[in-house]
Amino acid sequence: MSVTFFDLVDQYVSIADEVHEAIGRVLSTQTFIMGPEVAALEEELGQYVGADHAVAVASGTDALLLPLKALEADPGAEVIIPAFTFFATAGAVWNAGLRPVFCDVDPRTYNVTAETIAPHVTERTVAIVPVHLYGQMAEMSGIMELARAHGAFVLEDCAQSIGADSPEGRAGSVGDAGSFSFFPTKNLGGFGDGGLTTFSDSLVADRVRKMRVHGGKKMYHHEMVGTNSRLDALQAAVLRVKLHHLDEWIQARRGNADRYADLLADVGEISLPFVADGHTHAYNQFTIRAERRDELRAFLTERGIGSGVYYPLGLHLQDCFSSLGYRPGDLPVTESLTSDVLSLPIFPELGEERVSRVAEAVREFYGYSSE
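So the sequence shown is numbered by our numbering: it starts at -17 and just counts up by one.
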């Protein structure tokens, strides 16, 4: 039995009638850019997250970029981010005219903590971007305390964590802002690119609302130099349908994760995902740490089982950031993780049989009998 890394077809088939109805609603109005569907999505997602304000934009990258630009910080001001994350986090900082300052992460949760951030805070720090990696929120209480002590803006990167909870609140509701991606393979994925940013501050939210439509509320009147980052109504309509199923899908992901944990608990060569006390994991990825990672991945591929490596190189060592002066050894946890993390299939429709197939292959590779 082959097992793809992710499969969107079964999910689409299960909601096809609802999706077609929503798309038809947009087609009947011929309102394709922004409009009532986008406004309704903002309202519904704001309520789901528990945020005061929500602003839909064209991509998850813009959901990071526009709030950072809205800070109107001096060029070269510093933003602290993890080196172990997707490139968009750092790219948004750079393209906002700010300087990314990379920090290390916790070796169990893979997330930044107040302790990994603190050594990098300076008088030039204007923002901190904790990434809730793989679907688990960072420990936000310490991060918020640190940020408040230094007057830094906190932008949660929630691209992989919609629906995740912590003692401080749901992803996107704890910091000053939270950015979400609707890339198709996310837990809440659209039929193309899309993003949204939640805010606790109405002034920053209003600034981003203007920025996404060329810098003005009134057509042809521009209060600032903005950009075109509008969400299509078709995407919003599809996302509104999917939002009603999101909790059910996340629960299915957790069920798959629990089955993996049961089947792989005795495999000493791997480390299973760690869930911090009081947190609920949304499992956008099910990521293990594995000895001989690349050999294991090749073994799985030979048996028709998909997997992914998120991420093979820390951002601090990417060629495009060489001018920042980082060297191998600067962030040892990140550099260790890039050598041994491996993500296994976890999509909601995976089911027990395919989870068992993947687990059996992992066990076989390391010489464990099947159970």
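Backbone N, C-alpha and C fix where the C-beta goes; we use that ideal spot for every residue, glycine too.
message = Going by beta-carbon coordinates alone, are residue 344 and residue 249 separated by less than 9 Å?
response = A contact, by the Cβ cut-off of 9 Å.
request  = Mind checking which residues open and close the alpha helix (DSSP H) that includes residue 318?
outcome  = 314 to 322 is the extent of the alpha helix (DSSP H) around residue 318.
query = The beta strand (DSSP E) spanning residue 81 covers which residue range?
reply = Unbroken beta strand (DSSP E) run through residue 81: 81 to 85.
key: Residue environment, residue 101, which counts as buried when at least 16 other CB atoms sit within 10 Å   = Around the beta-carbon of residue 101, fewer than 16 other beta-carbon atoms lie within 10 Å, marking it exposed.
message = Tell me the residue span of the beta strand (DSSP E) that contains residue 161.
response = Its beta strand (DSSP E) spans residues 159 to 163.
Beta-carbon contacts of residue 77 that lie in its chain and below 8 Å, excluding the five residues immediately before and after = Closer than 8 Å at the Cβ level, and outside the excluded window around residue 77, lie 47.
ask   = Apart from the five residues on each side of it in sequence, which residues of its chain come closer than 7 Å, Cβ to Cβ, to residue 71?
value = Hits under 7 Å: 46, 63, 111, 113, 139.
request  = Assign residue 236 to buried or exposed, taking buried as 16 or more other Cβ atoms, counted over all protein chains shown, within 10 Å of its Cβ.
outcome  = The C-beta of residue 236 has 16 or more other C-beta atoms within 10 Å across all chains shown, which makes the residue buried.
message = Here's the rule: buried if 16 or more other CB atoms are within 10 angstroms of the residue's CB, otherwise exposed. What is residue 50?
response = Classification for residue 50: buried.
query = Quick one: any contact between the segment 239 to 249 and the segment 8 to 21, if contact means 3 or more CB pairs under 8 Å?
reply = Flag = no, the segment 239 to 249 and the segment 8 to 21 do not touch.
task = May I have the straight-line CA-CA distance separating residue 340 from residue 326, to the nearest angstrom?
result = Rounded to whole angstroms, residue 340 to residue 326 spans 8 Å at the Cα level.
query = Are the beta-carbon atoms belonging to residue 99 and residue 80 less than 9 Å from one another?
reply = No.
query = If you measure from the CB of residue 246, is any heavy atom of the ligand ATP nearer than 8 Å?
reply = The ligand ATP is not part of the structure shown, which contains no ligands of any sort.
message = Looking at the strands, I want to know which residues DSSP matches up with residue 64.
response = Residue 64 pairs with 85.
message = Whole angstroms are fine: how far does the CA of residue 352 sit from the CA of residue 159?
response = Going from the Cα of residue 159 to the Cα of residue 352 covers about 46 Å.
task = Find out if the Cβ-Cβ distance for the pair residue 254, residue 144 is shorter than 9 Å.
result = It is not a contact, given that the beta carbons lie outside the stated cut-off.
inquiry  = Which complete alpha helix (DSSP H) runs does the segment 199 to 276 hold, if anything under 4 residues is left out?
reply    = The qualifying runs are 215 to 225, 228 to 246.
ask   = How would you call residue 169, buried or exposed, if buried means at least 16 neighbouring beta carbons within 10 angstroms?
value = In summary, residue 169 is buried, with 16 or more beta-carbon neighbours lying within 10 Å of its beta-carbon over all protein chains present.
query = Counting pairs of beta carbons, one from the segment 206 to 221 and one from the segment -9 to 5, are three or more of them closer than 8 Å?
reply = Contact between the segment 206 to 221 and the segment -9 to 5 is present: three or more C-beta pairs spanning the two stretches fall below 8 Å.
request  = Use the C-beta contact count for residue 320: other C-beta atoms within 10 angstroms, 16 or more gives buried, fewer gives exposed.
outcome  = Under the 10 Å beta carbon count, residue 320 is surrounded by 16 or more other beta carbons and is classified as buried.
task = Within the same chain, show all residues whose beta-carbon is closer than 6 Å to that of residue 152, passing over the 5 residues directly before and after it, in chain order.
result = The beta carbon of residue 152 is closer than 6 Å to those of 31, 32 in its chain, skipping five residues each way along the sequence.
key: Uninterrupted alpha helix (DSSP H) stretches inside the segment -2 to 77 (no shorter than 4 residues)   = Runs found: 18 to 31, 42 to 52, 69 to 77.
ask   = On the premise that residue 122 lies in contact with residue 148, defined as a C-beta separation below 8 Å, what is that separation, rounded to the nearest angstrom?
value = Right, their Cβ atoms sit about 6 Å apart.
inquiry  = Can you find the residues in the same chain that come closer than 7 Å, C-beta to C-beta, to residue 187, ignoring five residues on each side of it along the sequence?
reply    = These residues qualify, in order along the chain: 35, 37, 181.
inquiry  = In whole angstroms, give me the CA-to-CA distance for residue 162 and residue 68.
reply    = Their Cα atoms are separated by approximately 13 Å.
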